[in-house]
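Which chain is which? The protein sequence lines are A and B, in order. Numbered per the working numbering, the first sequence finishes at 371, counting up by one with no gaps. Numbered per the working numbering, the second sequence finishes at 371, counting up by one with no gaps. Virtual Cβ for every residue (Gly too), placed ideally from N, Cα, C. The model shown is predicted, which means the values in this text are computed figures rather than measured ones.
There are 2 protein chains.
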Amino acid sequence: MHLEALNIFCDVVRHQSFSRGALANSVSQSAASQAVRQLERRLGAQLIDRSRRPWQLTPEGKLFFQGCQEIVDRYHELEEAVQRRQDPSGYTVRLASIYSVGLHDLSQYVDRFRAAVPGAHVDIEYMHPDEIPTRIQNDQSDVGLLAFATPGRDLTVVPWRQQTMAVACPPAHRFAQRTTAIGPWELNGAAFVTFDRGLPVRRELDRYLRRHGVDLEVVAEFDTIENIKQAVEDGAGIAILPESTLRREVERQTLVTVALDTLDGEAAFVRPLSIVHRRRRRLNPAVTQFIRLLRLDGAGQTGDAPAGRPAKAEDRYAGAGAASVTGTP
Amino acid sequence: MHLEALNIFCDVVRHQSFSRGALANSVSQSAASQAVRQLERRLGAQLIDRSRRPWQLTPEGKLFFQGCQEIVDRYHELEEAVQRRQDPSGYTVRLASIYSVGLHDLSQYVDRFRAAVPGAHVDIEYMHPDEIPTRIQNDQSDVGLLAFATPGRDLTVVPWRQQTMAVACPPAHRFAQRTTAIGPWELNGAAFVTFDRGLPVRRELDRYLRRHGVDLEVVAEFDTIENIKQAVEDGAGIAILPESTLRREVERQTLVTVALDTLDGEAAFVRPLSIVHRRRRRLNPAVTQFIRLLRLDGAGQTGDAPAGRPAKAEDRYAGAGAASVTGTP
DNA sequence: CCCCCTCTATTAGCGCAACTGATTCATGGG
DNA sequence: CCCATGAATCAGTTGCGCTAATAGAGGGGG
Numbered sequence: 043m044h045l046e047a048l049n050i051f052c053d054v055v056r057h058q059s060f061s062r063g064a065l066a067n068s069v070s071q072s073a074a075s076q077a078v079r080q081l082e083r084r085l086g087a088q089l090i091d092r093s094r095r096p097w098q099l100t101p102e103g104k105l106f107f108q109g110c111q112e113i114v115d116r117y118h119e120l121e122e123a124v125q126r127r128q129d130p131s132g133y134t135v136r137l138a139s140i141y142s143v144g145l146h147d148l149s150q151y152v153d154r155f156r157a158a159v160p161g162a163h164v165d166i167e168y169m170h171p172d173e174i175p176t177r178i179q180n181d182q183s184d185v186g187l188l189a190f191a192t193p194g195r196d197l198t199v200v201p202w203r204q205q206t207m208a209v210a211c212p213p214a215h216r217f218a219q220r221t222t223a224i225g226p227w228e229l230n231g232a233a234f235v236t237f238d239r240g241l242p243v244r245r246e247l248d249r250y251l252r253r254h255g256v257d258l259e260v261v262a263e264f265d266t267i268e269n270i271k272q273a274v275e276d277g278a279g280i281a282i283l284p285e286s287t288l289r290r291e292v293e294r295q296t297l298v299t300v301a302l303d304t305l306d307g308e309a310a311f312v313r314p315l316s317i318v319h320r321r322r323r324r325l326n327p328a329v330t331q332f333i334r335l336l337r338l339d340g341a342g343q344t345g346d347a348p349a350g351r352p353a354k355a356e357d358r359y360a361g362a363g364a365a366s367v368t369g370t371p
Numbered sequence: 043m044h045l046e047a048l049n050i051f052c053d054v055v056r057h058q059s060f061s062r063g064a065l066a067n068s069v070s071q072s073a074a075s076q077a078v079r080q081l082e083r084r085l086g087a088q089l090i091d092r093s094r095r096p097w098q099l100t101p102e103g104k105l106f107f108q109g110c111q112e113i114v115d116r117y118h119e120l121e122e123a124v125q126r127r128q129d130p131s132g133y134t135v136r137l138a139s140i141y142s143v144g145l146h147d148l149s150q151y152v153d154r155f156r157a158a159v160p161g162a163h164v165d166i167e168y169m170h171p172d173e174i175p176t177r178i179q180n181d182q183s184d185v186g187l188l189a190f191a192t193p194g195r196d197l198t199v200v201p202w203r204q205q206t207m208a209v210a211c212p213p214a215h216r217f218a219q220r221t222t223a224i225g226p227w228e229l230n231g232a233a234f235v236t237f238d239r240g241l242p243v244r245r246e247l248d249r250y251l252r253r254h255g256v257d258l259e260v261v262a263e264f265d266t267i268e269n270i271k272q273a274v275e276d277g278a279g280i281a282i283l284p285e286s287t288l289r290r291e292v293e294r295q296t297l298v299t300v301a302l303d304t305l306d307g308e309a310a311f312v313r314p315l316s317i318v319h320r321r322r323r324r325l326n327p328a329v330t331q332f333i334r335l336l337r338l339d340g341a342g343q344t345g346d347a348p349a350g351r352p353a354k355a356e357d358r359y360a361g362a363g364a365a366s367v368t369g370t371p
C-alpha cells in the first residue's frame, strides 16, 4: 500500500472533495478517485458513501480516516526525526533564486544559517525563474526561491512569503502626496516601468491590470527589481513592486510607496514567494536545516506576510495556495 | 512510499538478513536489497552500516526501525479493525480443499462457522491441489486448504497444521505389534500403498524415503486418504499417512498406527497444511471470519500440531515455514 | 593458505500498476 | 429544462519495482 494513497484519502476527506484532495497532492482528480477506489477494493470495505450528495464517509471510512491520519503523521514525524539526527556539517546547500527576491534579506538568512551550522556551505546562484524548476529536477540545485511557483510531479512547493505589491514613484511625482491607497484605475495612462515579459510576475501583473481595465504606457522593462527602482528614481515613470523591497529607498527618500488597493473587496495584489525543492528523494541535512530556518523565521525583517503555513498534517507540502493564484481567472 | 517496503526493512532487521527478510515477504533477495537502498535514498540517511560484517543498524536505522515497526503494526491493526466492523452476513466463503484434508474435521469447522455467522454461506469444493492456487488467483475461490503450499506473488500462505505422518498397517501386520517408533530403514521392501504421483505429498514422501535409502514396493496409488486406508485395511500393504486422519480406524481397530521416526535427530516427517488466499485485495468479511476461526481454534480436535503462528507483527503472512520444507534439499 | 560457500550488491529487462487526459455520468441549481 | 459542477470511467503511456542472472566480498573449513 502506498503511503501516498493514504494521504490522498485523508486530504480528500478533509476537503470533502476528490478534486481538492487531488490538488493538495499534486495529482489529477482521476488519480485521487482511483486511489480511493483501490483502497476500498483492497480493504474490501466501502469508505465513502457516494449515494448521497454530497458524499459522506461511511462508519468504516471514519475509522479508517482517523487511523490513516495518525499513520501518515507518524511516518512524517519519523522521517523528520531521522533527518534531525543527521549532522548538517560538510553538506552544501545549492540555492537557486530569482534575482529579485530581495538580496539583502537573503544574504541575512544565509549569514544566520552559516552561523547556526558552521560546517555547511551555501552556494547561491541567481537565475531566470524558468530555469529554477529545471535545475532542481536535474539535481543541479537543492532548493529554489521564486514567485508564482506551480508544484509538479517531482517538485514540491512550500509557500513562503506573500509580498504585497505597492506603487513606487519618485518623491516629486503627483502620487507621492497620496495618503490613501491608490485604486488601479487611477494609474491609467501613467508611464510605467515594469518587469521583463516572460517573468511570471509580469504576466500576473498584466493580468491584474487588464482585469481592472487599466492601460499603462510601458516605458521600460527590466529583469531585476534593482534596475526598475533605478529607472523610477531617474524619473522614467512609476512601478508596481513588492513593498518590502523598497524599504531602503523609502528611508533614503529617493522613492515613495503608495498602497495599491481595490475597493471591491478583492484581495490586494500580492506576489507569492515559494520555496521549492525536489519531491520524493530526501534532501541533505544542511538543506533541510536551511529550509527550516527560512520557514520558521517570522517575516519580521521584511514586513512580508508569511504565507499561511498549513496546519499540522493538513495539506502537507501542498503548495495549492500558490497554485490557485496562478489558476485560471 | 510503499508500506510493503517498510515491512521488508523491518523483517530484514529482525532477521538480521536481507535474504531471510526477503523470504518473509515472498520477494527475491534482490528486491529486498533494492527496497532498503531506496528507503535510504529517499530518507537521505544510511540505515544499515554495511562496512562491518555482519552488518549493523546505524543509529538512524534503529530509530527508523522502531518507528517503522509501529507504523506497519498500526496499519494492519487498522485494516483489521475496519474489517471487524463489517457484517459477514450475506457473504459467501468459497472454500477449495484437497480431498484428504480430513473430511470430518473440516465439516466440523464449517458447522461451527455456520453457527457463529448465521447469515453467511459456505461452498466447499474438493479438488486436486494444483488447481487450488489457480482457482484462488482467478477469484473462483476465496480460501484454500492444501499441503506443502508455496507462497507466490499474489498468493498468501498461512501455515495451519503440522500433520505428523505415521505408518498405518492392518492389525495382523508384523509392524502392528511394535511399541516403539519404526525407523524408516525397517520399511525396506514392504508392500506400500501410497498417494498418486503428482500429489505434492507423494513427492515429499518419496524424497523422504529416498533420503533414508528406503526402497518400497508400491502396490497401489490413490488420490484420497480414504482410498488408501481402505486398501490397507484390505491387506494390500502398509501406508504412511497423517496420524490424525487415522483416528477412527484405530478406535475401530481396523488399522494400527506406528510412529515413524529417525534416530539421527532429524525432524519427523510432517505434512504441513496451509490456508491460502489471495494477496493484495482484501477478503470479504465472512472469509476473514472463517480464516480467523480456523486459525484461532486449537488443534485439540485433531491432534495435529498447530503450525507455529508467527509472533505479533513478525513475519506477517510469511508462510516461509511451509516454503522452507519444500525448499531445495 | 587457498578455495569454496554464503550473503549482498548490481545490472538488465520485463510486466504491471498508477498516472494523465478525455470523456461520460450523475446531480443539483438557475 | 438546460447548464454547471464534480466524480467515475476509459484508453494509453510511463515509470517503478520485480525477477533472474551475475558479480563481488568476507568468513570458515579442509
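Are there 16 or more other CB atoms within 10 angstroms of the CB of residue i, so buried, or fewer, so exposed?
i	result
B:Val-260	exposed
B:Gly-279	buried
B:Pro-201	buried
B:Ser-93	exposed
B:His-163	exposed
B:Asn-449	With chain B covering only 43 through 371, there is no way to say anything about residue 449 of chain B.
A:Asp-53	buried
A:Pro-226	buried
B:Gly-255	exposed
A:Thr-287	buried
B:Leu-241	buried
B:His-215	buried
B:Ser-149	exposed
B:Leu-247	buried
A:Glu-268	exposed
In its own chain, which residues sit with a C-beta less than 8 Å from the C-beta of residue i, not counting the 5 before and 5 after it?
i	result
B:Ser-70	Ala-64
A:Asp-165	Thr-134, Val-135, Arg-136, Leu-137
B:Tyr-250	Pro-226, Phe-311
A:Ile-178	Ala-138, Asp-184, Val-185, Gly-186, Leu-197, Val-318, His-319, Arg-320
A:Arg-84	Met-43
B:Tyr-290	This sequence places Arg at residue 290 of chain B; Tyr is not what is there. Excluding positions up to five away in sequence, the list reads His-146.
With a Cβ-Cβ cutoff of 7 Å, do residue i and residue j count as a contact?
i	j	result
B:Met-372	B:Phe-311	The question about residue 372 of chain B has no answer, for chain B in this structure spans 43 to 371.
B:Val-235	B:Val-274	yes
B:Val-185	B:Leu-137	yes
B:Ala-77	B:Ile-50	yes
B:Val-209	B:Ile-224	yes
B:Thr-266	B:Ser-142	yes
A:Gln-205	A:Asp-303	no
B:Thr-330	B:Gln-98	no
A:Gly-86	B:Arg-324	yes
B:Pro-213	B:Val-298	yes
B:Ile-140	B:Pro-171	yes
Got a sec? Which residues, its chain only, sit under 6 Å from residue i by beta carbon, not counting five neighbours each side?
i	result
B:Gln-58	none
A:Phe-60	Val-54, Gln-71, Ala-74, Ser-75
B:Phe-237	Val-243, Arg-244
B:Glu-167	Ala-138
Residue i: which of the options sits nearest, CA to CA?
i	options	result
B:Asp-196	B:Glu-263, B:Asp-181, B:Val-164	B:Asp-181
B:Val-152	B:Arg-127, B:Phe-332, B:Arg-337	B:Phe-332
B:Ala-123	A:Phe-237, A:Gln-108, A:Glu-119	A:Gln-108
A:Pro-160	A:Arg-95, A:Glu-121, A:Asp-129	A:Asp-129
B:Phe-217	B:Leu-241, B:Gly-277, B:Gly-103	B:Gly-277
A:Leu-105	B:Lys-104, B:Tyr-117, B:Pro-96, B:Arg-95	B:Tyr-117
B:Gly-132	B:Leu-335, B:Asn-326, B:Leu-336, B:Asp-248	B:Asn-326
A:Arg-127	B:Glu-119, B:Leu-120, B:Asp-115, B:Glu-102	B:Glu-102
So, at 7 Å on beta carbons, what are the nonlocal neighbours of residue i in its own chain, with the 5 sequence-adjacent residues on each side left out?
i	result
A:Glu-82	Gln-88, Leu-89
B:Cys-110	Leu-48, Phe-51, Cys-52
B:Thr-100	Gln-88, Leu-89, Ile-90, Asp-91
A:Gln-373	Nothing about residue 373 of chain A can be reported from this structure: the residues present for chain A run from 43 to 371 only.
A:Arg-322	Asp-196
Verify the contact flag: residue i, CB atom, against every heavy atom of the ligand ZN, threshold strictly below 6 Å.
i	result
A:Ile-270	Only the bare structure without any ligand can be found here, which leaves the ligand ZN out of the picture.
For this session: Evaluate the contact criterion for the stretch 181–197 of chain A versus the stretch 313–327 of chain A: three or more CB pairs, one atom per stretch, below 8 Å.
Result: Yes, they touch.
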